[in-house]
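These protein sequence lines are chains B and C, in that order. Residue 38 is where the first sequence starts when you use our numbering, and the numbers rise one by one after that. Residue 25 is where the second sequence starts when you use our numbering, and the numbers rise one by one after that. Here the structure is laid out as structure tokens; the discussion comes afterwards.
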Amino acid sequence: MNTQSSLASQNSASGQLARASRKDKAAAALVEMCSVRVGQTLFGVPITHILEIVGGTRPQAVPLAPDFVGGLVHYRGDVLTTVSLRQLLGLPAQEGKQDILVLESAGGCFGLLVDSVGEVLTVSSADHEPNPSVLDQRRRALFAGAYKLKDGLLVLLDPERLDPMRLGGLGASAA
Amino acid sequence: MDELTREFLIESQEGLDRMERCLTDLEERPQDKELLGDIFRSVHTIKGTTGFLGFKRLEKLAHAGENLLGMLRDGKLTADRDNITGLLKLLDGLRAILKIIEASETEGDGDDGALIELMHTLQHPEAISAAAPVARSASQSFAVAPVAQSAPPATIVRGGSAGPPTLPESTEAPAPPPPSAPIEVVADAPQPEAPKAKAQGTAASDSTLRVDVNLLNRMMNLVGELVLTRNQILQATALDPNLTVLSRRLDMVTADLRESVMKARMQPVSSVFSKFPRIIRDLSQMLHRKVKLVMEGQETELDKSLLEAIKDPLTHAVRNSLDHGIEPPSVRQANGKDPEGTLKLRAYQESSHVIIEVSDDGAGIHVERVRNKAIERGLITQERAANLGERELLQLIFLPGFSTAEAVTNVSGRGVGMDVVRTNVEKIGGKVELDSRPGKGTTLRLRIPLTLAIIPALIVRSLEQSFALPQGALSELVHVPPEKASTAIEWMEGTPLYRLRGQLLPLIFLDRMLSPGLKTDARAEKDNFIAVLDADGRRFGLVVDGLADPEEIVVKPLSAVLKAIGLYSGATVLGSGDLALILDPGSIASRAGVAMRGEEEQIGGTQEAGEEEAVTRSEYLLVEAAERRAAVPLGDVLRIERIPLSRIEYFGYRPVLNFEGQLLPVEDTGGVIAAAQGNPEAQLTVVVCREGNRHVGIAVNHVLDVAAGGDLFEAGTQTAASGVTLLNNHVTGIVDLGAVAPLPVDQRNRQNLHTGQTEWTSLPEEVA
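In structure tokens, the structure reads:
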């Protein structure tokens, strides 16, 4: 596992997983992130929010559903609504099988469709920066800032913001 | 809330439910010591436990009631109507406090002074007349006013026991002299618990177990999963003979398990029925009616969630019957009827449905009044109304906004109409039927499916995707081959229509509806299948690209975002492992605008039912059995099943099919089963038909076509030949369904079924 961690933060509260979206000024905490790739960008989802990773699924399309809905998948006896990160970012749809992160949010479980799931990275909250102001409106609503890694950026995704219920409400007000 | 309090709440509520039943019984048998003992124990238990848990308010009230009950039980007082009404008020008071505890874990700070006072007053019957003002003030504050009036009492007869209704004798009998001892003495006296009843209690609890409903729901879900997995395994292993035995065993065990779990969720309808004696007692007093309640089939079982769902519609129907159906005693007498009206609640099972009937012998529904009201409310036009027959007019009361109640009473007529009853019942996949005979009475029949979670559905294909259509809404399927598509589907200014047996049926193309941008010029070149649907009385044809097998599907809820689309009622996992969205025929009809004219059509449709029947009489299903063709009257065909030969079992020498406990005799005159014997993978087509009240299956090789039959005449005599018809220019024999020998069944049950069918039935005269 390729863990990226600064030595400085390791001696602070090591077992504690602070809320990644909150910027902790004083004691930098370590957070474990599941890295996923969509298009060219590396995204991170705090592993505490991930119930399961399901690989190689083929979601069933739902006609007339909002654009961001990536379809339905069968997950442990339930039918799970998925959110397509590609669609949210305005990227062209990807053919073939996709990986799904099963996320838990206030509104229940949902799936996040991504191109591929990478390793779990440990990042320090000290390396977190909020969204830059130049980011477009749509992305600013979706992203929760980014972590500076040695070899690039890890864009933080907050499952609450990706909840289809919330997105549905968002879509309605935008339209 | 802690475990102890929760236990206490459940136990107390059960105790109070029992007390309510006993109290209404007590009115009939005021001297019954056992009943009194039962009621006493319910209140005593509550009092005892509340003291322990520190609910002072509840304890005080229960204590006051207990004193009164103690005197009743010891025979120092007689259970007259005043007492019983008072005790019912006590029951309501206790219930109200329990509700507060449930919500807030405290008792609230209401004042029970008046109720306690009433309990005390009732212990001194001679004081009532002496201290009338006190008694009145106490009773008024608890709305026991009807007691003082001379409303006729309701008597309750259970289980249809035909004994003459007995009025509580105590109304006339003078109450025994009250004990001279002060109340405190009675209260402090030891209260001996009946040891006999205690023994009974433990015996019952030994064999039963209280299970959390959530756990049962979870089990039902898991069983649903298992059913899905089984379907997949059956499909996957169908070709491997080594696994056939194993998968068949899995199939059997799964079916059994499913049945058991379903059974565990079942509750007798008595749990809903039991509240009616009280409702009827109160209502008949309020409305000055004399009503006898007869309840039948209380042991009939229904899924718990469904029972919950029918509670309100049923209450509404009962209220209607009392308010509008059953006339006041004077009117009844004037019409030569028994002054005491009869309200009958009846439950019975009929194949995969439970039927619940609410019938009264009241005035029936005046169709003229219904007609006038509907015109007045602007629900239909004058011309249309003039053309409607009696049956169609009756259906009008189910329209939203309909109420014939002249005045809004606080019983009914408050706008919660029969449309709500129908909507509620249809929401759970049931149906409502209404029958009324002026002057004779009305019957409302609720047809409720046995379970919700697993429904039969037809899998259809559209947009290269599978969708599930609930079988309940499906009335027939029509295949339009590519070469006929351009002529069979007619267009009226962009609206597709299909002529179904001479009637225009609006069509909805599923692919166009689901994908608005789609160009469908190529439609003519492919097969079209029209699923004729009947959604809340709205008939339309849904055009799909293909049909797959019918399947028993497990309904899975959709997330809010997808529910908001409105066309899907859920999703399911098919045997193939694919997901399918479950289409909601009602919303599809609404979206396509079938709704408005559909309402009229349904009304018009019933009118033509007779004609339509005549048309279907001459339509036949052409089948092939052992290379011979035969015709089955289409009107009698219920469904066509494709099953593996292994599903056929033998009852004696007769082949039968077991459909979830329903035994279907399979007729094999063509020798199809015999011919396929020895081939374990053989598939068999069974045409399930209706013959009178029973269902019979006919084993065939293939179903070929649906065609109109032509009459054949005997050469020379020119008399129409029977048992034979001309189909597609071939002389074809008609299968005689009546010749299929009945299965030996319990003759008593059969009798029951028959009376259930023929008995007159109906609904209240005016309906809110």
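All residues carry an ideal CB built from backbone N, CA and C; glycine is no exception.
| Check | Outcome |
| --- | --- |
| Contacting residues, own chain, Cβ-Cβ under 8 Å from G321 (chain C) (five flanking each side not counted) | V293, R370, A371 and Y372 |
| is_contact[E249 (chain C), chain B] using C-beta, thresh 7 Å | yes |
| Proximal residues of chain C, C-beta to C-beta of T118 (chain B) below 8 Å | L582, S583, V585 and L586 |
| Backbone CA spacing between T94 (chain B) and N552 (chain C) [nearest angstrom] | 31 Å |
| C-beta atoms of L317 (chain C) and P337 (chain C) nearer than 7 Å | no |
| E381 (chain C) (DSSP reduced to helix, strand or coil) | strand |
| Spatial distance of A739 (chain C) from A745 (chain C) (CA atoms) | 10 Å |
| Proximity to R714 (chain C) [Cα-Cα], best of C:D729, C:T324, C:Y674 and C:V759 | C:V759 |
| Nonlocal neighbours in the same chain, by C-beta distance under 7 Å from L586 (chain C), ignoring five residues either side | Y592 |
| Status (buried if at least 16 other CB within 10 Å, exposed otherwise) for M319 (chain C) | buried |
| 7 Å Cβ cutoff, I606 (chain C) in contact with chain B | no |
| Buried/exposed call for P214 (chain C), threshold 16 Cβ in 10 Å | In this prediction, P214 (chain C) has a pLDDT of 40, which is less than 50 and means its spatial position is unreliable; nothing more can be read from the coordinates. |
| Closest by C-alpha distance to P494 (chain C), when choosing among C:I606, C:D49, C:A731 and C:L658 | C:I606 |
| Residue range of the alpha helix (DSSP H) that includes R415 (chain C) | E414 to Q419 |
| Cα-Cα separation between L204 (chain B) and G659 (chain C), rounded to whole angstroms | 50 Å |
| Contacts that Q489 (chain C) makes with chain B (C-beta to C-beta distance below 8 Å) | Q97, A98 and P100 |
| 6 Å CB neighbourhood of V449 (chain C) in its chain, flanking five on each side removed | P337, V456 and L470 |
| Own chain, CB closer than 7 Å to G762 (chain C), minus 5 neighbours either side, in chain order | E715 |
| Contiguous beta strand (DSSP E) assignments of at least 3 residues, all confined to the segment 667-754 of chain C | 672-675, 678-683, 686-691, 707-715, 718-724, 726-732 and 748-751 |
| Supposed close pair V315 (chain C), G365 (chain C) - CB separation, criterion 8 Å | 5 Å |
| Three-state secondary structure (DSSP) of H503 (chain C) | strand |
| Meets three-Cβ-pair contact criterion under 8 Å: the segment 190-198 of chain B and the segment 133-150 of chain B | yes |
| Proximity test, Cβ basis, 7 Å: L149 (chain B) and chain C | no |
| Segment contact flag, the segment 705-713 of chain C with the segment 682-697 of chain C, C-beta cutoff 8 Å, min 3 pairs | yes |
| First and last residue of the uninterrupted beta strand (DSSP E) at H111 (chain B) | V106 to Y112 |
| Buried/exposed call for A588 (chain C), threshold 16 Cβ in 10 Å | exposed |
| L566 (chain C) to R408 (chain C) span [Cα, whole Å] | 28 Å |
| Contact set between I532 (chain C) and chain B, taken where Cβ atoms lie within less than 9 Å | Neighbours of I532 (chain C) on chain B: none; closest Cβ ~14 Å, over 9 Å. |
| T195 (chain C) versus R105 (chain C) - alpha carbon distance | Reliability fails at T195 (chain C), whose pLDDT of 40 lies under 50, so the model's placement of it is uncertain and the value that follows must be treated cautiously. Straight-line Cα distance between these residues: approximately 7 Å. |
| Pairwise C-alpha distance: R356 (chain C) and H348 (chain C) | 13 Å |
| Nearest neighbour of R97 (chain C), chosen from C:G75, C:V67, C:F79 and C:S486 [CA to CA] | C:V67 |
| At least three beta-carbon pairs within less than 8 Å, the segment 248-257 of chain C to the segment 595-614 of chain C | yes |
| Closer than 7 Å to chain C by CB, P196 (chain B) | no |
| Helix, strand or coil at T130 (chain C) [DSSP, three-state] | coil |
| At least three beta-carbon pairs within less than 8 Å, the segment 135-149 of chain C to the segment 110-119 of chain C | yes |
| Selected residue, minimal CA-CA separation from L59 (chain C), among C:K71, C:E51 and C:C46 | C:C46 |
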